[in-house]
Amino acid sequence: MDSNLDTTGPGPNTQASNDLEPAIRARVEQIIDSQVGRTLGFSLLETRSDFCAARLRRSDGVLNSNGRVNGGVISAFIDKVATGAAWANNVNGPESRGTTISLTVNYMSAGAKTDLIGTARVSRRGGSVVFVTVDVHDEDGGYVAQGMATYKLNPKPR
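Following this note's numbering, the numbering of the sequence shown begins with 1499 at its first residue and continues without gaps.
Following this line, the structure appears as C-alpha cells:
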C-alpha cells in the first residue's frame, strides 16, 4: 500500500471494513480495470466497504502540453474511483447496474509530475442514490483535485 494513502476508514453509514463479499470486491476491480481504466493507466490500490483507492500512472498518453496530467484524465479518474466506492458495499448484487448522475471536479493545483492517488469515500447512501467524495493527491502529498459524485444504483438489471 502507498505510504501517502489515507486509510482513516470508510465514511458514515457504512459496514465494518474488510467485509466485502468476493463478488462485490471483484466488481470493484472490474470497474477500475475497465478498458478506459487500462487505457488511461488506472490501477486499484485498495477497496473495502464504501471506500476505494486507486493510482493513475503518469505516462506520455495522459499529459497535456505542459507535461502535467490532463484535467480531463483527472476527471475520468475521479469518476472511476467514485464508482468503485459506490459499488463497494454488500447491499449491491454483482448483477446490479448503475450510472454516474452528477460529477463535480474542483482542481486545486496543476496535475503533478508524479503518479496520482485517488481516495473515494461514500458520504451517504440513499435508497438507490449514493453520494461520494474523492480526493486526488500526488505522490508527494500535494492536493491536486477534489470530486463530488452522485451515483445511481439499480439493484436488478432491466
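Using N, Cα and C, we set each Cβ at its ideal position, and we do this for glycine too.
Quick caveat, the model's predicted, so the values are computed rather than measured.
Distance between beta carbons of residue j and residue i, contact taken as under 8 Å
i: residue 1612; j: residue 1556; result: 6 Å
i: residue 1653; j: residue 1607; result: Not quite, the Cβ-Cβ distance comes to about 39 Å (not below 8 Å), so this is no contact.
i: residue 1584; j: residue 1651; result: 7 Å
Residue i versus the options, residue with shortest Cα-Cα distance
i: residue 1627; options: 1607, 1546, 1587; result: 1587
i: residue 1581; options: 1521, 1631, 1644, 1642; result: 1631
i: residue 1531; options: 1519, 1518, 1551, 1517; result: 1551
i: residue 1558; options: 1549, 1547, 1548, 1537; result: 1537
i: residue 1549; options: 1522, 1643, 1597; result: 1522
i: residue 1517; options: 1535, 1533, 1534, 1546; result: 1546
i: residue 1597; options: 1633, 1643, 1629, 1649; result: 1649
i: residue 1629; options: 1643, 1610, 1579, 1520; result: 1579
i: residue 1610; options: 1643, 1625, 1621; result: 1643
Distance, residue j Cα to residue i Cα
i: residue 1500; j: residue 1635; result: In this prediction, residue 1500 has a pLDDT of 44, which is less than 50 and means its spatial position is unreliable; what the coordinates show is noted afterwards. Their Cα atoms are separated by approximately 12 Å.
i: residue 1560; j: residue 1645; result: 19 Å
i: residue 1592; j: residue 1633; result: 26 Å
i: residue 1488; j: residue 1621; result: Residue 1488 is absent from the structure shown; the chain starts at 1499 and stops at 1656.
i: residue 1625; j: residue 1519; result: 20 Å
Local Cβ density within 10 Å of residue i, reported as buried at 16 or more and exposed below that
i: residue 1590; result: buried
i: residue 1563; result: exposed
i: residue 1638; result: exposed
i: residue 1641; result: exposed
i: residue 1647; result: buried
i: residue 1623; result: buried
i: residue 1565; result: exposed
i: residue 1734; result: An answer regarding residue 1734 cannot be provided, because it is not within the stretch 1499 to 1656 covered by the chain.
i: residue 1511; result: Low confidence applies to residue 1511: its pLDDT is 37, below 50, so where it sits in the model is not reliable, and the reading given next is rough at best. Counting Cβ neighbours within 10 Å, residue 1511 comes out exposed, since fewer than 16 surround it.
The ligand GDP heavy atom lying under 7 Å from the CB of residue i
i: residue 1542; result: Ligands are entirely absent from the displayed structure, and the ligand GDP is therefore not among its contents.
- Is the stretch 1569–1578 touching the stretch 1599–1606, taking contact as three or more C-beta pairs under 8 Å? By the Cβ rule, the stretch 1569–1578 counts as touching the stretch 1599–1606, because three or more pairs are nearer than 8 Å.
- Item | At least 3 beta-carbon pairs within less than 8 Å: the stretch 1518–1529 vs the stretch 1537–1545 | The answer is yes - the stretch 1537–1545 touches the stretch 1518–1529, with three or more Cβ pairs under 8 Å.
- Item | Cβ contact (3+ pairs, closer than 8 Å) linking the stretch 1610–1630 and the stretch 1575–1586 | Taking one beta carbon from each stretch, the stretch 1610–1630 and the stretch 1575–1586 have 3 or more pairs nearer than 8 Å; the two touch.
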